[in-house]
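Asks: Quick note on the working numbering: the sequence shown kicks off at 33 and runs consecutively.
Before anything else, here's the structure in question.
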Amino acid sequence: MNRGFFPPAEPVSRLIDEFNKLPGIGPKSAARLAYHLLRMPEAEARSLAEAIIAVKDKIVLCSLCQNITDSDPYAICRSKQRDQNKICIVEEPLDILALERTGQYQGLYHVLHGVISPMEGIGPDDLKIRELLGRLKSGKVEEVILATNPNLEGEATAMYLQRLLSPSGIRMTSLARGLPVGGDLEYADEVTLGRALEGRREV
Ligand SMILES: [Zn+2]
Numbered sequence: 033m034n035r036g037f038f039p040p041a042e043p044v045s046r047l048i049d050e051f052n053k054l055p056g057i058g059p060k061s062a063a064r065l066a067y068h069l070l071r072m073p074e075a076e077a078r079s080l081a082e083a084i085i086a087v088k089d090k091i092v093l094c095s096l097c098q099n100i101t102d103s104d105p106y107a108i109c110r111s112k113q114r115d116q117n118k119i120c121i122v123e124e125p126l127d128i129l130a131l132e133r134t135g136q137y138q139g140l141y142h143v144l145h146g147v148i149s150p151m152e153g154i155g156p157d158d159l160k161i162r163e164l165l166g167r168l169k170s171g172k173v174e175e176v177i178l179a180t181n182p183n184l185e186g187e188a189t190a191m192y193l194q195r196l197l198s199p200s201g202i203r204m205t206s207l208a209r210g211l212p213v214g215g216d217l218e219y220a221d222e223v224t225l226g227r228a229l230e231g232r233r234e235v
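Below is the structure:
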């Protein structure tokens with residue numbers, strides 16, 4: 033029964049629904065964004081739409097570090113300036129951004145693309161661990177830095193890797209305490225994260 037509520041035109045409703053699927057965007061923000069786009073100059077709206085399509089069309093995972101890149105291998109993996117003997121293991125590509133901002137780290141990275149989470153049915157095989165083991169086989173790596181997030185799942189994942197890698201004899205370190213517990217690396221400020229890197233300890 034129609035009580036007099038008229039939804040927005042179908043293309044607008046559709047856009048609102050799409051925004052509503054994004055993290056941190058509720059129905060009200062979704063509607064606000066959609067109406068904002070409606071007022072946007074045509075060229076700007078097209079540029080936004082093209083940027084969305086480009087990240088899907090042109091982005092692949094680096095065959096070495098598994099970071100998102102538009103050229104495989106990713107720039108850091110190709111760089112002669114980076115220390116090839118160190119690999120810093122992170123959960124997500126965003127963590128690399130956070131660590132790079134500190135300017136303190138000159139080694140390589142490896143992105144797990146998640147954490148072990150029995151609650152969500154995510155096990156070691158769902159992460160990029162096989163790829164990591166493949167990289168370590170070269171024998172060039174002298175230090176592995178476990179930089180998962182300082183929360184329960186991050187710690188459990190680090191512990192799993194520690195046990196898995198300890199027979200290799202590779203030096204393993206983790207970031208120093210002082211990072212906000214329960215938080216994400218990506219939210220830590222550069223100074224805190226830089227200090228945590230500098231003060232990393234053996235595990
Ligand atoms: Zn790479």
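C-beta atoms are modelled at their ideal positions from N, C-alpha and C, and glycine is treated no differently.
It should be emphasised that the depicted structure is a prediction, and the values quoted were computed from it without experimental measurement.
Per DSSP, Leu-140 is paired with what?
Replies: Ile-119
Asks: Please give me, in chain order, every unbroken run of the beta strand (DSSP E) with length at least 3 that falls completely inside the segment 134-222.
Replies: 139-143, 175-178, 203-206
Asks: Comparing alpha-carbon positions, which option in Cys-109, Gly-135, Met-151 lies nearest Leu-96?
Replies: Cys-109
Asks: What is the DSSP secondary structure of Arg-71, counted as helix, strand or coil?
Replies: helix
Asks: How about Thr-101 and Glu-222: do their beta carbons lie closer than 8 Å?
Replies: no
Asks: Can we count Leu-96 as close to ligand 1, meaning its CB is less than 7 Å from some heavy atom?
Replies: yes
Asks: Check Ile-100 in the structure and name its three-state DSSP category.
Replies: strand
Asks: From this set, Gly-201, Leu-93, Ala-66, which residue's C-alpha is nearest Leu-80's C-alpha?
Replies: Ala-66
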